[in-house]
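Residue numbers (my numbering), protein chains in the order written: chain U, 1 to 246; chain Y, 1001 to 1246.
Before any comments, here is the structure.
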């Protein structure tokens, strides 16, 4: 398996990830591009079972959060940078929305490079977006100080499953040439046909008793009310972690 | 060259990127993980010279913005999703901070997978963070509609240079085990030694007449006042593009 035909792995063998392998894939991660080469990110490695169990509820007790030998929580980090600036008689002026946003870009390019390196070394992973649902719990459990915001967790280990490739939208849904052209309804119908007809999603829609996949996503899995609550919480936690938002 | 020893390429051969190769690397990009498989991103491809010249000022006329055969502007995109939701009698509830943030994570995992695939195919690239400095100009030039926000541009082509590997912080500056531990000043001094002593950065500091690298970054290259202005502009443009922020 590799990044060209990536499958998310949610079931892992009871086999450790050797520390030199972990070091290697994280080092490769840092080769990704980043803004101004000040690397405004960090990663917290969770390997102790007790820590996984403390984190589990914040990942909604998804089995992979405790079963994976390693959790990697990718963070935007201006704590280290601020200490360095203090030592060099200047001030880290990035504890604001743009700093957080830029740090997020850097953290995600880093995370995806780690992901590619992991698969190239026989490992599998699944990203847990649950971090953004439980920022406060993650921050307290990992003891993240001022300037540090968790963004995304990766559950990492040796795959105990080989799931089929997940369907994606056709490339023409994603790519625009020279200028963006909004798709008319008829075209969108065509673009979403394969996704909507995929047996995996048809089964999900049926199980949930929904009319269609869009309704399943927007009314049950990722609803507006949740997103609005999480937006407010993201704002609150950013301020708590030392970011000035206006 | 590949993702394990990535160098940013800022000078390109006058050689087209074949359209089937571009299609291949973008398709590989879409294999990256994304939230809920609704792929809340898109990419605008710029190949026409006239369009590159229109975009150039918004990339501060950096030569690679017009010299690269291809520019890829990665966007958070809820326009397509909203049209699909309309057609399926539901509402896209993601035009808020959390939707934008989640779309950003997806867009960046996609972008880095494209980056890895590009290098594997003999191409080189440089990310242009200038997008966030000139959102309005990019949006107008690429005709980005409601729900679409540009995030990051990649200048892509065949390398005409082979620059040395850029120094990074030692891994121990980036990685924390089990809990985050803030570095005391003495430790930060050690962690930043290689970066500060690197001839490339020593020369930059000297040229700029600054005392040290931290001051160069925070007082000249990425200053607080700019970040605050850009934070306000990001907020303004999000609202303009249809995002509700509170």
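Think of the CB as a built atom: it goes at the ideal place given N, C-alpha and C, for glycine as much as any other residue.
Check your understanding: I think residue 1155 of chain Y touches residue 1018 of chain Y, with their Cβ atoms under 8 Å apart; what is that distance to the nearest whole Å?
Key -> Translated into the one-based positions of the second chain, residue 1155 of chain Y becomes position 155. Translated into the one-based positions of the second chain, residue 1018 of chain Y becomes position 18. In fact, because the Cβ distance is near 17 Å, the residues do not count as touching under 8 Å.
Review point. Shorter than 8 Å from the beta carbon of residue 180 of chain U to some beta carbon of chain Y?
Key: In the first chain, counting from the first residue as 1, residue 180 of chain U sits at position 180. Yes - at least one Cβ of chain Y is within 8 Å of the one on residue 180 of chain U.
Exercise for review: Starting from the beta carbon of residue 1046 of chain Y, find every residue of chain U whose beta carbon is closer than 8 Å, and list them in chain order.
Suggested key: The count along the second chain starts at 1 and reaches residue 1046 of chain Y at position 46. Chain U residues near residue 1046 of chain Y: 178.
Point to revise | is_contact[residue 121 of chain U, chain Y] using C-beta, thresh 8 Å | key: As a working mapping, residue 121 of chain U is identified with position 121 in the first chain. False, the Cβ-Cβ gap to chain Y never drops below 8 Å.
**Study point:** For residue 1077 of chain Y: DSSP bridge partner residues
**Key:** The count along the second chain starts at 1 and reaches residue 1077 of chain Y at position 77. Answer is Y:1148, bridged to residue 1077 of chain Y.
Point to revise | Exposed unless 16 or more other CB atoms sit within 10 angstroms - verdict on residue 5 of chain U | key: Start at 1 with the first residue of the first chain, and residue 5 of chain U comes out as number 5. When all chains shown are included, residue 5 of chain U counts as exposed.
Exercise for review: Tell me whether residue 1169 of chain Y counts as near the ligand GDP, meaning its Cβ is closer than 7 Å to at least one heavy atom of that ligand.
Suggested key: This structure lacks the ligand GDP; in fact it carries no ligand of any kind.
Exercise for review: Spell out the partners DSSP gives residue 1012 of chain Y in its beta bridges.
Suggested key: For the purposes of this step, residue 1012 of chain Y is taken as residue 12 along the second chain, with counting starting at 1. DSSP, once it has assigned bridges, lists Y:1159 as partnering residue 1012 of chain Y.
Check your understanding: What does residue 1227 of chain Y touch in chain U if you count any residue whose Cβ is under 7 Å from its own?
Key -> Position 227 of the second chain, counting from 1, holds the residue named residue 1227 of chain Y. By Cβ distance, chain U contributes 93, 94, 96, 98, 99.
Exercise for review: Let me know the beta strand (DSSP E) ranges lying completely inside the segment 70-125 of chain U, each 3 residues or longer, listed in chain order.
Suggested key: 70-77
Check your understanding: Are the CB atoms of residue 73 of chain U and residue 150 of chain U nearer to each other than 8 Å?
Key -> Position 73 of the first chain, counting from 1, holds the residue named residue 73 of chain U. Position 150 of the first chain, counting from 1, holds the residue named residue 150 of chain U. Result yes, Cβ atoms of residue 73 of chain U and residue 150 of chain U sit closer than 8 Å.
Check your understanding: On the premise that residue 1041 of chain Y lies in contact with residue 1116 of chain Y, defined as a C-beta separation below 8 Å, what is that separation, rounded to the nearest angstrom?
Key -> The residue you call residue 1116 of chain Y lines up with position 116 of the second chain. The residue you call residue 1041 of chain Y lines up with position 41 of the second chain. Not really, about 16 Å apart at Cβ, beyond 8 Å.
Review point. According to DSSP, is residue 231 of chain U helix, strand or coil?
Key: Taking the first chain and counting its residues from 1, one reaches residue 231 of chain U at position 231. Reduced to three states, the DSSP call for residue 231 of chain U is helix.
Point to revise | Extent of the continuous beta strand (DSSP E) run through residue 46 of chain U | key: In the first chain, counting from the first residue as 1, residue 46 of chain U sits at position 46. Here the beta strand (DSSP E) through residue 46 of chain U covers 41-46.
Check your understanding: In its own chain, which residues sit with a C-beta less than 6 Å from the C-beta of residue 126 of chain U, not counting the 5 before and 5 after it?
Key -> As a working note, residue 126 of chain U is residue 126 in the first chain. Once the five neighbours on either side are set aside, the close Cβ partners of residue 126 of chain U are 8, 9, 10, 64, 155.
Exercise for review: With a 10 Å radius around its C-beta and 16 neighbouring C-beta atoms as the bar for buried, classify residue 246 of chain U as buried or exposed.
Suggested key: The sequence position of residue 246 of chain U within the first chain is 246, counting from 1. The residue in question, residue 246 of chain U, is exposed, as its Cβ has fewer than 16 Cβ neighbours within 10 Å.
Check your understanding: Does any residue of chain U bring its CB to less than 8 Å from the CB of residue 1011 of chain Y?
Key -> Looking up residue 1011 of chain Y in the second chain gives position 11. For residue 1011 of chain Y, the answer is no, since every Cβ of chain U falls outside 8 Å of its Cβ.
Exercise for review: Have a look at residue 1222 of chain Y and residue 138 of chain U and give me their C-alpha separation to the nearest angstrom.
Suggested key: Residue numbering aside, residue 1222 of chain Y sits at position 222 when the second chain is read from its first letter. Residue numbering aside, residue 138 of chain U sits at position 138 when the first chain is read from its first letter. Whole-angstrom Cα-Cα distance: 29 Å.
Review point. Per the contact definition of three or more C-beta pairs closer than 8 Å, is the segment 86-97 of chain U in contact with the segment 1209-1218 of chain Y?
Key: yes
Practice item. Specify, as a first and last residue, the run of the alpha helix (DSSP H) that residue 195 of chain U falls within. Key: To locate residue 195 of chain U, count along the first chain from 1; it is residue 195. Taken as a continuous stretch (DSSP letters only), the alpha helix (DSSP H) holding residue 195 of chain U covers 193-197.
Point to revise | Three-state class that DSSP yields for residue 1128 of chain Y in the structure shown | key: For the purposes of this step, residue 1128 of chain Y is taken as residue 128 along the second chain, with counting starting at 1. If DSSP states are grouped into helix, strand and coil, residue 1128 of chain Y belongs with the strands.
Point to revise | When U:238, U:37, U:140, U:213 are compared against residue 54 of chain U, the one with the closest alpha-carbon | key: Locating residue 54 of chain U in the first chain gives position 54, where the first residue counts as 1. The candidate whose alpha carbon is nearest that of residue 54 of chain U is U:140.
Check your understanding: Taking Cβ positions, are residue 1144 of chain Y and residue 1092 of chain Y nearer each other than 8 Å?
Key -> On the second chain, residue 1144 of chain Y is found 144 positions in, with the first residue counted as 1. On the second chain, residue 1092 of chain Y is found 92 positions in, with the first residue counted as 1. Result no, Cβ atoms of residue 1144 of chain Y and residue 1092 of chain Y do not sit closer than 8 Å.
Check your understanding: Ordered along the chain, which non-local residues of its own chain (more than five positions away) have a Cβ less than 7 Å from that of residue 1031 of chain Y?
Key -> What you label residue 1031 of chain Y is simply residue 31 of the second chain in a count that begins at 1. Same-chain partners within the cutoff: 1113.
Exercise for review: Output yes if chain U places a C-beta closer than 8 Å to the C-beta of residue 1003 of chain Y; else output no.
Suggested key: As a position in the second chain, residue 1003 of chain Y is number 3, starting the count at 1. Yes - at least one Cβ of chain U is within 8 Å of the one on residue 1003 of chain Y.
Check your understanding: Going by other Cβ atoms of all chains shown within 10 Å of its Cβ, with 16 needed for buried, is residue 147 of chain U buried or exposed?
Key -> Stepping through the first chain from its first residue, residue 147 of chain U is reached at position 147. Residue 147 of chain U is buried by the Cβ-count criterion.
Review point. Are the C-beta atoms of residue 1064 of chain Y and some chain U residue less than 8 Å apart?
Key: Counting from 1 along the second chain, the entry for residue 1064 of chain Y is found at position 64. By this cut-off, residue 1064 of chain Y is not an interface position.
Practice item. Would you list, in chain order, the members of the segment 205-224 of chain U that have their beta-carbon closer than 7 Å to a beta-carbon of chain Y? Key: 212, 214, 215, 217, 218, 219, 221, 222, 223, 224
Review point. Looking at the structure shown, is residue 287 of chain U part of a helix, part of a strand, or coil, going by DSSP?
Key: Since the first residue shown for chain U is 1 and the last is 246, residue 287 of chain U is missing from the structure and cannot be characterised.
Point to revise | 8 Å Cβ cutoff met for residue 49 of chain U and residue 106 of chain U | key: Taking the first chain and counting its residues from 1, the one referred to as residue 49 of chain U is at position 49. Taking the first chain and counting its residues from 1, the one referred to as residue 106 of chain U is at position 106. Going by C-beta atoms, residue 49 of chain U is not nearer than 8 Å to residue 106 of chain U.
Practice item. Within 10 angstroms of the Cβ of residue 225 of chain U, are there 16 or more other Cβ atoms? Answer buried if so, exposed if not. Key: For the purposes of this step, residue 225 of chain U is taken as residue 225 along the first chain, with counting starting at 1. Exposed, because fewer than 16 other Cβ atoms sit within 10 Å of the Cβ of residue 225 of chain U.
Review point. Can you tell which of Y:1023, Y:1163, Y:1176 has the C-alpha that lies nearest to the C-alpha of residue 23 of chain U?
Key: The residue you call residue 23 of chain U lines up with position 23 of the first chain. The shortest Cα separation from residue 23 of chain U among Y:1023, Y:1163, Y:1176 belongs to Y:1176.
Practice item. Could you tell me which of Y:1098, Y:1171, Y:1068, Y:1158 sits nearest to residue 1194 of chain Y, measuring between CA atoms? Key: Counting from 1 along the second chain, the entry for residue 1194 of chain Y is found at position 194. The shortest C-alpha separation from residue 1194 of chain Y is found at Y:1171.
Check your understanding: How would you write the range of the alpha helix (DSSP H) that residue 1023 of chain Y sits in, first residue to last?
Key -> Residue mapping note: residue 1023 of chain Y aligns to position 23 of the second chain, counting from 1. 1019-1029 is the extent of the alpha helix (DSSP H) around residue 1023 of chain Y.
**Study point:** Short-range partners of chain U found in the segment 1078-1090 of chain Y, where Cβ spacing is below 9 Å
**Key:** 1079, 1080, 1081, 1083, 1084, 1085, 1086, 1087, 1088, 1089, 1090
Practice item. Measure the Cβ-Cβ separation of residue 96 of chain U and residue 1228 of chain Y and say whether it is below 8 Å. Key: On the first chain, residue 96 of chain U is found 96 positions in, with the first residue counted as 1. On the second chain, residue 1228 of chain Y is found 228 positions in, with the first residue counted as 1. It is a contact, given that the beta carbons lie within the stated cut-off.
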